[in-house]
Each structure stands twice: as C-alpha cells, then as structure tokens.
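Colleague: After the structure tokens below, expect a handful of questions from me.
Protein chains: 2
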Amino acid sequence: MDDKLEGRRATVHDVARTAGVSLATVDRVLNARPGVRPETAEKVEAAIKALDFRRDLSASLLARARDLRVVFLIPGGSNAFMESLTAAIARRARATRNERLTLAAVQYHALDPSALVARLDGLGAREADCAVVVAPDDPAVARAIDAVTRRGVAVLTLVSDLPGSARRQFIGIDNQAAGRSAASLLGRFCASGKVGIIAGSLGLRDHRERFEGFSGVLGREFAQLKVVGPVEGFDDDAATEAAAMSMLEAHPDLSGIYSLGAGNAGLVAALGRTHRAGNIRVVAHELTDTTRDALRAGTLDVVLDQNPDGEIRAAIAAARQVALSPDAEIHSDPIEIGIFLRDNLR
Amino acid sequence: MDDKLEGRRATVHDVARTAGVSLATVDRVLNARPGVRPETAEKVEAAIKALDFRRDLSASLLARARDLRVVFLIPGGSNAFMESLTAAIARRARATRNERLTLAAVQYHALDPSALVARLDGLGAREADCAVVVAPDDPAVARAIDAVTRRGVAVLTLVSDLPGSARRQFIGIDNQAAGRSAASLLGRFCASGKVGIIAGSLGLRDHRERFEGFSGVLGREFAQLKVVGPVEGFDDDAATEAAAMSMLEAHPDLSGIYSLGAGNAGLVAALGRTHRAGNIRVVAHELTDTTRDALRAGTLDVVLDQNPDGEIRAAIAAARQVALSPDAEIHSDPIEIGIFLRDNLR
DNA sequence: GACAGCGTGAGGTACGTGCCTCATGACCTA
DNA sequence: TAGGTCATGAGGCACGTACCTCACGCTGTC
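Chains as they are written, first to last, in our numbering: chain A, 38 to 383; chain L, 38 to 383.
Written out as structure tokens, the structure reads:
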C-alpha cells in the first residue's frame, strides 16, 4: 500500500542546475572546500534542501577511492568487557571489508588518561576519518578530543560519555535505566532483608549513574529492603573478592546483591567460599565467560548487558554518517540494555 | 605469486588476469549469466577464491543503476505488534534512501493464507529483489514461497519461520528461550501458588514454542508453582478478556500470569475489573502502547519484546547479502529478546 | 564447404561523486 | 594601468562493477 513511484533521486547535477551554479561549486560546498562566497553557498544549500538531495553513499565511497577509516581507542588490561568490545570490532571488521570501511582497534593503558591523550594527539585526518573512544571522565582527555576534532577527525564516545567535549555523539546505554532495572528485579526477587551494592569505582561516570538509578527505585518502591554499601572493587577480581567477603561476613541476612562494575569473578568466588551461592539473588553487569558460567550455575540470577556488538554496529553507522556529512545531525537507534537470565543466554 | 598489491583489495580485473580469461567472462560468472563452459567457470571461481575477491558493494550498487528493492509482506488488521513492525519499516525506509535501497510494505489479510499466496504469486524479479514475509504455518504458503524463489526473488521469513520452504533465512527471536525466560522470572517472582497461561492460539508455531519453553522451566525448576491453562484468546482483546475473566474468577489464589500472545488490552481490563491489578505478577509479550501503559501502572511486571526495529534492520542486512551474492551463506546477528520493566522502557 | 551455434575476447558506456587543472572575469591595491 | 587575489565555470579522469554490442574462432552437421 505504500508503493510510491517517486521519480529519480536528485544528483549533484540537479543541485547545480537548480542553484544556477556549476558542478564544481556544488562540489566545493558539499565538501566544505574554500573558494565559495557565502551568498553562493546559500543558494546551493537552498537547492539541496529544495530537492532533498542526499549524496549517494555508494558513489561517494567509490569516488574517494579509499576506505573510511575508523579507529577505536579502547582501554587495555584484563577487563573482560573491554576484551569483548575488541572482539566485536574484529568480527565487524571482517564483514565490512567489502563495504569500503576499515576498522582498527587500538588499546591504551587503562587508568592512565595521559596514554589516551597521547594516542589522540597522534591522530590526524591523514590517519583516520573517525575515532571512537571509550574515555575516562578527565578534562585533559576532553581537551585532546577537541584538538583532534579541529584536525578533522570526528570523535564519538562509547560506553561512557564526555558531554563537555567536542565529541559528536555518545554511543552507549542509559546507565540510570540499567540501575533502575536492577532495583526493580531485585525488589521483586527479595521479599525482605538487605541488599548489598558492589561498584567498580564511583569515580566512573557510568558506575555512578547505575548506582543513582538503583538507589532511587529501591528507596521509592521497595522500602522494606535495606541497602548495604556501596563498596568498591575497582573492576579487579581480587579487590572485588575481598570487598564481597567482608560484606558477606558482616551481613548474614543479605538477600540480594547488585554488582554494577566488573570483577565479577571475585564476587562469584566469595559467594562460593561463604556457601551462599544460590541463596542470594544476584544481579550483575556484562555477559562474559565468568558471568555466563555463573548464570548457568545459578550463582547469578540476572546479567545486564551493554551488547558490545550492537554498540560497535551503532558506532560504525554513526561514523559513516559523520564522515560523509560532517554537519548533519546523526540519527541512530538507542542501544538497548540486554537483560539475560540463564534461559535466554546467547 | 606476484602479489605486490598487498594493501589493495582484488578487483574483477585481478580475477580476470589470474584466471587467464577476459573481463567479460568473469562478469558472466559473477552474475550467473549464460555462455561460460563449466571448466572455464571453475578457473574463475578458483581465482576468486585465491585472491579472496569480493565484489565491491558500493560499486556494484552504483553500476546496476537501480535500487535494491525489498518488499515486506505483513499481515494487516488491528494487531498492534504488526503495526509497530510496519512503523519500523517506514522509519528504516527514510534512512536507506541514500543507500540505494527501496523498501515497500504490503499488507495482506491476516488469517487468510490465500491472500498472502496471491501477493506472492504477483511478485517476480521485475518487481522486487527480495521478499520478507511474516507467514502463517501453511503448506500453500510454503509452495508459493518456493515458486517466487524460482522466479528469482529471494525470500526471508520474519517473526515466524517456515522451515520446509525455500526461504533463505529466518529472522526472529528464539521463542523457546522467550518462554523459558518468562518462567524463570515468574518463578523468582512467585514463592508459591498458581500461574496462569494465556495464549493467542496454540496453532501458531511461535506461540506453541513459547508455551513449551515456559512449561519446561517451570516444571523443572519451580515445581512448587501449579500451572493453570493454557487458555486461548486468539490475539483478540475481547476474547482474551473473557478468557482471563473466567480464569481469574476460577482461581482466587492465582499469583502469576504469562500472556504469550497479543490481546493484552483484554487481560489488563480483566485484571482491573477483578481488582487484581498489581497483586498478580504478570509477564506479557511485545511493547505496545497498551503494554507500556500497563508497565508504568504496575499492572504488568515484565514485557518480552521482539524488537521490531532490530528485526527490520537484520532483515534488510540479510536482504542485501542475498541479493548481491545469491549463493553465499548469510551471516547475521541473532535477534535478541528484549526484556522490559517499567524502569528501562524506551 | 557452408552454416549455425556456442564460448570467449575486446571494448565501450554508464552509474554519481571526488578531486584535479585550467581559464575567465571581477575586484582590489600599488 | 599592471599585477594580484578571489570566486566561479568548464571539463576531465578516476573509482569498480554492470551490462551492452560486436567480432572471432572453434565445434558439429548436412
């Protein structure tokens, strides 16, 4: 019923004719090259709008005779989630080889913002069209993003946002909503008792947001549950195990735990050592080998997941848009929070 | 091997040179045109494999000078989920206009397989490159899919599969897993009592699969809960309300309900009329205006969703692959089941 | 030994955009 | 008035593939 026989799509030639200028001028405007008087540029813009012209992606990629280069900057170390992000990039890289898209993943030393700054400073328009960054909340990083943007590299933030910077868009989940969902589930799971919270670090923006969402819903809707913590495990297995152990020993009547950071192998170990695995309802974050196994074993009840593949896909789609029409607004689907039980593991 | 062209991707020219044939012959092989001896074709295939040649998607779309045409065949009527599928197609159609992709959505009379058969019979390679079908489990439909496939139109099934047919791929969620997840949640929500099941029709493959998954997990892991039903509401609001009313009146000790079909407005009404809204934990399917409002009001606790936008995106990606390389295997991300609470509504 | 038919080679044009060179006229300044 | 800069026009080649025409040589057949 929606079969509309629209005519041809507008091309640059149509734009030139409508605006009463030459093809070269249209090209200059489209690609932001110098040598066009503002009033002439306006005529071209008007024609573009009137014809609803959009540059043909296929032709554009073909004509520039080189791939779109997207660089991912991911913190290294032993964080299982970051590893799955990197794996998702590698998977995607194979699929995009015949779509004129080259992906590269570069790791920088986690916990060291200056390492990321150095990486960003080394980037220019000659090396990449777009940089996708998992960045800590640090002013020096924001400045480096602004600088590399000025050098002609579009920047997207991934997983954790940096609102003050020149980043073009944020790709990631709504962490407040994730925290609220965790509270909503634990609240229904636990009739009464105490609920413990284990974070990575409340200095991280995403962890802070999860905690806020969680406390809000629990206080509002499940006032019968008492909150214990948060304690911090610094996304490290050993530190998380230590934190969980002291929490478990101090509170024999704990009926639920929300682990909103990484380091879940430590939490699982602590639950095992105290023989509480299966007796406490646990909600954690990010599907990894550890959390998958723990779900299957019944040690974890629910895992909230960022869907690394989806995030990478969205980042690439946004990168294409940004690189090909530097000014246009980006439209992208929001990343959904995956909620996984033992029963819908993929 | 004199591959000094390390960085460059192989082109048709490289294939022709390596195979020792002309460009025209490579073209004939690539596009399955007649006029090539089998042994020559083999030489070309070998060269393609040796060079790992993949046709350039951008150039290919550009050269054929016409869009890829994808037709969606969706059951009409007042099914809110199908409407959201159609809406997702419309959203997507705007975004793909500059990607040489034309989408059309055609509705056929639900409940009437012959209407779908007629639509399929009217399709040929002149009208579309790929048809994406939400099809009932019917032998006549399977035959029509086989026929249109022979006429050169690739077919994908959406939402509900038709394994016996020539459909190239199924795009949809794992309905067994959806049922299992519902059971896993309701089992944790309800300490004891009875759990009611309301289906649309157990004659539908997807509904049947959800029911099987649900009963399996409930029986295995939550034996303290007694199952009531399933009753059928035929995806209709009024019929579902009637079915729910009699279930609610017959079982005052009902502590949970799994509604695995459509018609949820009727269920919500029944819960309201019996003043049980909020006192019974309810898991339903598909995010719609009705289920969203009910989540917010607390009448529903969890909604499992198929993610129409994701399904449409996956279908389009698969359609591109199928249309451009008819024999290749399709690689596509699985569609994930969305699990929605009041707290992570989008 | 002429002829049809088939497999193949050779070469061209087209798709829409990016990017380059060169020419031209307008305007400014010394 | 000469020289310079700037905005613009005109035109062309390139990207990799699709698809077309034409010609050639090799079969087998009557």
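Idealized CB from N, CA, C, for every residue including glycine.
Using 10 angstroms around the beta-carbon of L/D158, count the other beta-carbons present and answer buried if the total reaches 16, otherwise exposed.
Modeller: So L/D158 counts as exposed.
Colleague: Can you find the residues in the same chain that come closer than 7 Å, C-beta to C-beta, to A/D183, ignoring five residues on each side of it along the sequence?
Modeller: Excluding positions up to five away in sequence, the list reads S202, A203.
Colleague: So that I know if they touch, is there some Cβ in chain A lying closer than 8 Å to that of L/F207?
Modeller: Answer no: the Cβ-Cβ gap between L/F207 and chain A never drops below 8 Å.
Colleague: From this set, A/F207, A/V320, A/D273, which residue's C-alpha is nearest A/A356's C-alpha?
Modeller: Nearest option by C-alpha distance: A/F207.
Colleague: Can you list, in chain order, the residues of its chain whose CB lies under 6 Å from that of L/V107, leaving out five sequence neighbours each side?
Modeller: So the list reads L140, C167, A356, once near-sequence residues are dropped.
Colleague: Is there a C-beta anywhere in chain A that falls below 8 Å from the one on L/D370?
Modeller: Interface residue, yes.
Colleague: DSSP on L/G293, reduced to helix/strand/coil?
Modeller: In the structure shown, L/G293 sits in a strand (DSSP, three-state: E or B).
Colleague: In the DSSP output, which residue or residues are listed as bridge partners for A/F259?
Modeller: A/F259 is not bridged to any residue.
Colleague: Using the beta-carbon of each residue, which ones in chain L are nearer than 7 Å to A/G375?
Modeller: Near A/G375 (Cβ distances below 7 Å), the residues of chain L are E373.
Colleague: Against chain A, with Cβ distances strictly below 8 Å, would L/M38 count as a contact?
Modeller: Residue confidence is low: L/M38 scores 34 on pLDDT, short of 50, so the model does not pin down where it sits. No coordinate-derived value is stated.
Colleague: Comparing the C-beta of L/F271 with each C-beta of chain A, is any distance below 8 Å?
Modeller: No, no contact with chain A.
Colleague: For L/L16, I'd like the list of residues in its chain whose CB is within less than 7 Å of its CB, leaving aside the five on either flank, ordered along the chain.
Modeller: No answer is possible for residue 16 of chain L: the residues shown for chain L start at 38 and end at 383.
Colleague: Which two residues bound the contiguous alpha helix (DSSP H) that contains A/L88?
Modeller: Taken as a continuous stretch (DSSP letters only), the alpha helix (DSSP H) holding A/L88 covers 75 to 88.
Colleague: For A/E269, I'd like the list of residues in its chain whose CB is within less than 6 Å of its CB, leaving aside the five on either flank, ordered along the chain.
Modeller: A236, S238.
Colleague: Name, going along the chain, the residues of the segment 191 to 225 of chain A whose beta-carbon falls closer than 8 Å to a beta-carbon of chain L.
Modeller: The residues in question are D211, A214, A215, R217, S218, A220, S221, L222, R225.
Colleague: Around the Cβ of L/K86, are there at least 16 other Cβ atoms within 10 angstroms (buried) or fewer (exposed)?
Modeller: Burial call: exposed.
Colleague: Any C-beta of chain A sitting closer than 8 Å to the C-beta of L/V49?
Modeller: No, L/V49 does not count as interfacial toward chain A.
Colleague: Is the shortest distance between the beta-carbon of A/A96 and the beta-carbons of chain L less than 8 Å?
Modeller: For A/A96, the answer is yes, since a Cβ of chain L falls inside 8 Å of its Cβ.
Colleague: Taking the alpha carbon of A/G335 as the reference point, which residue from L/S151, L/S221, L/L341, L/R188 has its own alpha carbon closest?
Modeller: If we check each option's Cα against that of A/G335, L/S221 comes out closest.
Colleague: Return the chain-ordered list of same chain residues with a C-beta closer than 8 Å to the C-beta of L/G72, the five sequence neighbours on each side being excluded.
Modeller: So the list reads R65, once near-sequence residues are dropped.
Colleague: For the putative contact between A/G303 and A/E323, defined by C-beta atoms under 8 Å, what is the C-beta separation to the nearest angstrom?
Modeller: The Cβ separation is near 14 Å, so there is no contact.
Colleague: Determine the contact status of A/A117 and A/I374, defining contact as a CB-CB distance below 8 Å.
Modeller: No.
Colleague: Since L/D175 and L/N212 should fall inside the 8 Å C-beta cutoff, what is the C-beta to C-beta distance between them, to a whole number of angstroms?
Modeller: Wrong, their Cβ atoms sit about 18 Å apart, outside the cutoff.
Colleague: Jot down the residue ranges of each uninterrupted beta strand (DSSP E) in the segment 296 to 346 of chain L, minimum 3 residues, whole runs only, in chain order.
Modeller: You should have 318 to 322, 339 to 342.
Colleague: Of the choices A/V340, A/S369, A/T311, whose alpha-carbon is the least far from that of A/I349?
Modeller: Minimum Cα distance to A/I349 is reached at A/S369.
Colleague: How would you label A/Q261, buried or exposed, when you count the other beta carbons within 10 angstroms and need 16 or more for buried?
Modeller: Exposed, because fewer than 16 other Cβ atoms sit within 10 Å of the Cβ of A/Q261.
Colleague: What does L/P112 pair with, by DSSP beta-bridge criteria?
Modeller: According to DSSP, L/P112 bridges with L/Y145.
Colleague: List, in chain order, every chain A residue whose beta-carbon is nearer than 7 Å to that of L/E120.
Modeller: The premise fails here: L/E120 is roughly 13 Å from chain A at the closest Cβ pair, so nothing lies under 7 Å.
Colleague: Under 9 Å between beta-carbons, which chain L residues line up against A/R92? List them in chain order, please.
Modeller: Residues of chain L passing the Cβ test: N135.
Colleague: Is the number of C-beta pairs between the segment 74 to 89 of chain L and the segment 54 to 63 of chain L that are closer than 8 Å three or more?
Modeller: They touch, by the three-pair rule.
Colleague: Taking buried to mean at least 16 other C-beta atoms within 10 Å of its own C-beta, is L/E246 buried or exposed?
Modeller: Buried: at least 16 other Cβ atoms inside 10 Å.
Colleague: The beta strand (DSSP E) spanning L/I208 covers which residue range?
Modeller: Element bounds for L/I208: 206 to 208.
Colleague: Kindly indicate if chain L contains any beta-carbon less than 8 Å away from that of A/T99.
Modeller: Looking at the sequence shown, residue 99 of chain A is not Thr but Leu. Cβ-Cβ to chain L under 8 Å: yes for A/L99.
Colleague: On the DSSP letters alone, give me the boundaries of the beta strand (DSSP E) that L/T48 sits inside.
Modeller: Per DSSP, L/T48 belongs to no beta strand (DSSP E) and is neither H nor E.
Colleague: Quick one: Cα of A/I76 to Cα of A/V58, how far?
Modeller: Contrary to the premise, residue 76 of chain A reads as Glu rather than Ile in this sequence. One C-alpha to the other measures close to 12 Å.
Colleague: Could you check where the beta strand (DSSP E) with L/T194 kicks off and where it finishes?
Modeller: L/T194 -> beta strand (DSSP E) spans 191 to 195.
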